[in-house]
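Protein chains in written order, with the working numbering: chain A, 12 to 329; chain B, 7 to 224; chain C, 111 to 661.
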């Protein structure tokens, strides 16, 4: 016979989990206390002041104002405190540390495709070393999905046409559920997988057991040439196009004389919708790549463009 | 009010004509508030995408036929003015002038629709109807198509409102001509006027938003 | 109000010394029902229709709960399961909850409570019902010809491109029914403003009228946004052009903003009338004026206003900006304050009362308990970091069922039992009614409390197949659902029976205040023989003389 599985609390396996759980427990105590208080008071009144009882029913003196103000103002301050606490943790969730490993995730009906920086791909599985911060850069090929690992207490919608991201640092080795939690069609409930958090040594062993593919950057560089990007975006090109060395994170002046930070979303838009944010001083001559390039290839090109910034001068010769 | 001395009609749930008038007027204003929210969602969509893609919207806007739009603005504004006179005539219990003014207002409304019809057919002919046959010569075709999608939806919904207005105004015109339904009972005309001015005001916003984006730079 | 002289000047079809026949017995033909403009008969038309829709939505829920007995998908296919929860959501939200209290109890009572002969626009009132039924027919057509699997939220681009079934027919149904809602809201606002009897000032209005008034404002301002949003979604699906699909250059979040701009206020459409009902029941059975009348009335308005500003809390993880999330979070906490005020005031009303426990009071106390839990768990969802974890899980399902079912359905049933003697002229057997109330309360908690735990464990909503460790809690939930289903069938049976065979109730069996109780039961067609004149605030009960009938 299958053992009866009953769990009442999810496992905590990321740096975010304790912070979220603390708020949760505080809310549980507060709300449980308030609910019990109301129940006890109401029950007491119901018994003491039941019809026919001998209780004193002389109407209380004075208006309700004092009482009303009390139970308006006290909740107000409690709520403000709760807001700041939870918002603070939330803000941290949206700010990944600089040393986070960037993993690209593509959702499609009904599977998850992950790609590590070294080019390794996984489907519906993700192997991570414990203690290393991870930032997921996610997009969808079709409808909205949502990358949810309950043990990490984090989730984020995965939206077609844009990048979204979430980050966490796994803190406890184990095997954890990955769910799609935004309804996405027939097999929504089968769009699930596992996240394996491993000790670094074990993770290295797992890595060694996998065939080593080209790194994401190398794939991106190849695509950069085969797709013809280098024909214009290279120093010796005949057509004038912006040089992309060190582009990532830079402030780019646009034709409408505003500045924009070149982040993942900007790079993506510039490839798919080149005329949306035209760089100042250049003509709108770049063709759109919308619908001609897969999400994975796009991710590789963006990873390559980001590497151009990091490695500086020596890349320029290529 | 002189209602106390005249035989007045009012529905059984009301106590007197003043109450009925109050109720009807309030009802109309609430209906118009609903309409504002109805159009408001479309204006929100327009605003969002115009902010995202100003270039595409400006270029697409130059493909609209501004002569049609400008003429129609004038037609509708005049119709609205005539309607204002009609409301005045109703207040003074002048049935024949009231009917005449209503017919003029309705005819101008119908003129608007005819002009809009010619404009639509020109646009379909030029391939400006979003869908498989959409063609336009701009850099960002996708968002130019979105501009025209919003253009068709919002002007279409507006045209539906104009059509309903024309039918109602003409119907009220016939009633004013052939019966004395509005003798000492001008509330319906006043409410019709409110509706017609609302339709007019929506167009006053649509015209610059759709036809005149960055025209001065071209 | 300008109607002091009207009581005599209005020509009643009946001489005032002979008792008028009741609204039920004026005429008996089918057309006298289908073409009626009497607000009371229209209320009964609505009652019959929403009861039907309630059991359609309930049947879908029952099948879902049966499927969820086991982690594998073994009773129905995934596609069928997805259609079941869509049907359940659409039917329950738009064809039961939103119309429930406003169109049945509201229609019946609003004119009577303010001393009017009817609503301001009786014909429009009938049109509302026909629009509702036309919308319902479209929805039923869509269900019968294969259903829809979008979920009641119709998120794009799924709904506009990939979804299966008759999405457009379903959206059309909601669109049409929406106009029925708008017409009802408009009618109620105008009625409250212009039809009040002499002396019925705003601060003498029963709290049920305040809550209906606020609800109507929300209906009128939010519903058109839903209508146009669904229309745009349907256009996008029909013609492949639109503004929500990223493949067409659109932004799917725009749909979510527009949808929740309606659907969050809609939550208050679904709970405010329930709060209003409870504010009537508690003073009557505690024999005390309600505590903090002004605060409860203004809290309704505050909920209505703030309710329009918190829609973004459905989108904390949608990739909406972090800062927008913070603003929506703090506003969501603020909207909890007026709700809390109401709960505290209801509890305080019991103090020094003379409390009797009839069936409506069972429901009212049940409402206070369940709504408190529903409201407090809303704080978990307003708290940003916690919402990230529980968003789109069973925690959310449990939370809003505590509000919608624990709150609104309990209040609806409570109100139905309270005003049943007025509506039908007869009483129901108390013991079985109390049994049903207790069964519903117990079944409800067993169904939905385990879902809070499931949600924090991380079970996502809308899952046909789920991880085996979630099974025990799901079995508990299904067990509760079967008790709940039984509890819902009971009132249908004994209320139908009592309609014919119940004890004659008399005009005021609860010795309650309120103009509706000054008429015969069931009331005559025009409600009042002479227009009443109001001289005092509502709820003039005296706990020291509980037997006394209020003046």
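Here a beta-carbon is modelled for each residue, glycine too, at the ideal position from N, C-alpha and C.
**Prompt:** Near residue 282(C), what residues of its chain come up, given a Cβ to Cβ distance below 6 Å and the 5 sequence neighbours on each side ignored?
**Reply:** Counting from one through the third chain, the residue named residue 282(C) turns up at place 172. Excluding residues within five positions, the ones whose Cβ falls inside 6 Å are 248.
**Asked** If contact means a Cβ-Cβ distance below 7 Å, which residues of the region 28-53 of chain A contact chain C?
**Response** Against chain C - using a Cβ distance shorter than 7 Å - the residues of the region 28-53 of chain A are 30, 31, 34, 35, 38, 42, 45, 46, 49, 50, 52 and 53.
**Prompt:** Between the region 164-188 of chain A and chain C, which residues of the former have CB atoms less than 8 Å from a CB of the latter, in chain order?
**Reply:** The residues in question are 164, 165, 166, 167, 168, 170, 171, 172, 173, 175 and 188.
**Prompt:** Along chain B, in chain order, which residues have C-beta atoms closer than 7 Å to that of residue 295(A)?
**Reply:** Within the first chain, numbered from 1, the residue matching residue 295(A) stands at position 284. Within chain B, the C-beta atoms nearer than 7 Å to that of residue 295(A) come from 145, in chain order.
**Within chain A, the residues that residue 429(C) reaches when beta carbons sit closer than 8 Å** = Reading the third chain from its first residue, position 319 is the one you call residue 429(C). For a Cβ distance threshold of 8 Å, residue set 167, 168, 170, 173 and 175 of chain A lies close to residue 429(C), ordered along the chain.
**Prompt:** Contact check, residue 291(C) vs residue 333(C) under 8 Å by CB: the rounded distance?
**Reply:** In the third chain, the residue the question calls residue 291(C) occupies position 181. In the third chain, the residue the question calls residue 333(C) occupies position 223. Contact between residue 291(C) and residue 333(C) holds: CB atoms are separated by about 5 Å, below the 8 Å threshold.
**Prompt:** When DSSP labels each residue in this structure, what does residue 224(B) get in the three-state scheme?
**Reply:** The residue labelled residue 224(B) in the question sits at position 218 within the second chain. Reliability fails at residue 224(B), whose pLDDT of 49 lies under 50, so the model's placement of it is uncertain and no value is given.
**Prompt:** Taking Cβ-Cβ distances shorter than 8 Å, what residues in chain C pair up with residue 199(A)?
**Reply:** Sequence index remark: in the first chain, residue 199(A) carries index 188 (1-based). Simply 188, 192, 572, 573 and 574.
**Asked** Leaving out five residues before and five after residue 217(B) in sequence, what residues of the same chain have Cβ atoms less than 7 Å from its Cβ?
**Response** Taking the first residue of the second chain as position 1, residue 217(B) is located at position 211. For residue 217(B), where only same-chain residues beyond five positions count, the Cβ hits under 7 Å are 67, 70, 72 and 75.
**Prompt:** Quick one: Cα of residue 160(C) to Cα of residue 554(C), how far?
**Reply:** By 1-based counting over the third chain, the position of residue 160(C) is 50. By 1-based counting over the third chain, the position of residue 554(C) is 444. Between the alpha carbons of residue 160(C) and residue 554(C) lies a gap of roughly 20 Å.
**Top-ranked residue by Cα proximity to residue 422(C), from 441(C), 414(C) and 612(C)** = One-based indexing of the third chain puts residue 422(C) at position 312. Of the candidates 441(C), 414(C) and 612(C), the one whose C-alpha sits nearest the C-alpha of residue 422(C) is 441(C).
**Request:** Have a look at residue 279(A) and residue 240(A) and give me their C-alpha separation to the nearest angstrom.
**Result:** The residue labelled residue 279(A) in the question sits at position 268 within the first chain. The residue labelled residue 240(A) in the question sits at position 229 within the first chain. Distance between residue 279(A) and residue 240(A), taken at the CA atoms: about 14 Å.
**Request:** Select from the region 555-571 of chain C all residues with a C-beta closer than 7 Å to any C-beta belonging to chain A, and list them in chain order.
**Result:** Among the residues of the region 555-571 of chain C, those with a Cβ less than 7 Å away from any Cβ of chain A are 563, 566, 567, 568 and 570, in the order of the chain.
**Asked** At a CB-CB cut-off below 8 Å, which residues of chain A make contact with residue 59(B)?
**Response** The residue you call residue 59(B) lines up with position 53 of the second chain. Listed by position along chain A, the residues whose Cβ is nearer than 8 Å to that of residue 59(B) are 287.
**Message:** So that I know if they touch, is there some Cβ in chain A lying closer than 8 Å to that of residue 221(B)?
**Reply:** Translated into the one-based positions of the second chain, residue 221(B) becomes position 215. Among the CB atoms of chain A, none fall inside 8 Å of the CB of residue 221(B).
**Message:** Is it buried or exposed, residue 36(A), if we count other Cβ atoms within 10 angstroms and call 16 or more buried?
**Reply:** One-based indexing of the first chain puts residue 36(A) at position 25. Classification for residue 36(A): exposed.
**Prompt:** Which value, in whole angstroms, describes the spacing of the CA atoms of residue 269(C) and residue 497(C)?
**Reply:** One-based indexing of the third chain puts residue 269(C) at position 159. One-based indexing of the third chain puts residue 497(C) at position 387. CA-CA distance, residue 269(C) to residue 497(C), rounds to 25 Å.
**Item:** Cβ neighbours of residue 371(C) in the same chain (closer than 6 Å, five flanking residues each side left out)
**Value:** Taking the third chain and counting its residues from 1, the one referred to as residue 371(C) is at position 261. Scanning its chain for C-beta atoms nearer than 6 Å, with the 5 sequence neighbours on each side dropped, one finds around residue 371(C) the residues 335 and 421, in chain order.
**Item:** C-beta contact flag for residue 259(C) and residue 177(C) at 8 Å
**Value:** Taking the third chain and counting its residues from 1, one reaches residue 259(C) at position 149. Taking the third chain and counting its residues from 1, one reaches residue 177(C) at position 67. Not a contact, by the Cβ cut-off of 8 Å.
**Message:** Going by C-alpha to C-alpha distance, which of 195(B), 202(B) and 85(B) sits closest to residue 93(B)?
**Reply:** What you label residue 93(B) is simply residue 87 of the second chain in a count that begins at 1. For the residues 195(B), 202(B) and 85(B), the minimum Cα distance to residue 93(B) belongs to 195(B).
**Asked** By Cβ distance, which residues of its chain are closer than 7 Å to residue 533(C), with the 5 residues on each side in sequence left out?
**Response** The residue labelled residue 533(C) in the question sits at position 423 within the third chain. Cβ neighbours of residue 533(C) within its own chain (closer than 7 Å, five residues either side excluded): 218 and 632.
**Request:** Could you please give the first and the last residue of the uninterrupted beta strand (DSSP E) stretch that includes residue 196(B)?
**Result:** Residue mapping note: residue 196(B) aligns to position 190 of the second chain, counting from 1. DSSP places residue 196(B) in no beta strand (DSSP E) but in the uninterrupted alpha helix (DSSP H) bounded by 193-217.
**Asked** Mind checking if residue 90(B) is an interface residue toward chain C, Cβ cutoff 8 Å exclusive?
**Response** Residue 90(B) sits at position 84 when you count from the first residue of the second chain. Contact of residue 90(B) with chain C is not assigned, every C-beta pair being separated by 8 Å or more.
**Message:** Output needed in chain order: residues of the region 377-406 of chain C with a Cβ under 8 Å from some Cβ in chain B.
**Reply:** Hits within the stretch: zero.
**Asked** How many Å lie between residue 125(A) and residue 134(A) at the Cα?
**Response** Within the first chain, residue 125(A) is the residue found at index 114, counting from 1. Within the first chain, residue 134(A) is the residue found at index 123, counting from 1. Roughly 6 Å between the two C-alpha positions.
**Prompt:** Based on the DSSP output, what are the partners of residue 157(A) in its beta bridges?
**Reply:** For the purposes of this step, residue 157(A) is identified with residue 146 of the first chain, where counting begins at 1. BP columns for residue 157(A) point to 168(A).
**Item:** Outcome for residue 165(A) when other beta-carbon atoms lying within 10 angstroms are tallied against a minimum of 16
**Value:** One-based indexing of the first chain puts residue 165(A) at position 154. Buried: at least 16 other Cβ atoms inside 10 Å.
**Request:** Flag residue 664(C) as yes if its beta-carbon sits less than 8 Å from any beta-carbon of chain B, otherwise no.
**Result:** Outside the displayed span of chain C (111 to 661) sits residue 664(C), for which this structure offers no information.
**Request:** Please compile the residues from chain C whose C-beta is within a distance smaller than 8 Å of the C-beta of residue 118(A).
**Result:** By one-based count along the first chain, residue 118(A) stands at place 107. Ordered by position in chain C, no residue passes the 8 Å Cβ test against residue 118(A), which lies about 12 Å from the chain.
**Asked** Near residue 401(C), which residues of its chain fall below 7 Å by C-beta distance, leaving aside the five closest residues on each side in sequence?
**Response** Indexing the third chain from 1 puts residue 401(C) at position 291. Contacts found: 455, 458 and 459.
**Asked** Given residue 174(B), which residues of its chain have a CB within under 8 Å of its CB, disregarding the five upstream and five downstream residues?
**Response** Residue numbering aside, residue 174(B) sits at position 168 when the second chain is read from its first letter. The beta carbon of residue 174(B) sits closer than 8 Å to the beta carbons of 198 and 201 from its chain, once the five residues preceding and following it are set aside; these are given in chain order.
**Message:** DSSP three-state label for residue 186(A), please.
**Reply:** On the first chain, residue 186(A) is found 175 positions in, with the first residue counted as 1. In the three-state scheme derived from DSSP, where H, G and I count as helix and E and B as strand, residue 186(A) is classed as strand.
**Request:** For the region 336-364 of chain C, enumerate the residues whose C-beta is nearer than 8 Å to any C-beta of chain B, in chain order.
**Result:** Of all residues in the region 336-364 of chain C, only 337, 338, 339, 342, 345, 349, 350, 351, 352, 353, 358, 359, 360, 361 and 364 come within less than 8 Å of chain B when Cβ atoms are compared, listed by chain position.
**Item:** Rounded straight-line distance, which links the Cα of residue 350(C) to that of residue 137(B)
**Value:** As a working mapping, residue 137(B) is identified with position 131 in the second chain. As a working mapping, residue 350(C) is identified with position 240 in the third chain. Going by C-alpha positions, residue 137(B) is about 7 Å away from residue 350(C).
**Message:** Going by beta-carbon coordinates alone, are residue 429(C) and residue 157(A) separated by less than 8 Å?
**Reply:** Within the third chain, numbered from 1, the residue matching residue 429(C) stands at position 319. Within the first chain, numbered from 1, the residue matching residue 157(A) stands at position 146. Taking 8 Å as the Cβ cut-off, residue 429(C) and residue 157(A) do not qualify as a contacting pair.
**Request:** Can you tell me which of the three DSSP states residue 125(A) falls into?
**Result:** Position 114 of the first chain holds residue 125(A). Judged by DSSP in its simplified three-state form, residue 125(A) adopts strand.
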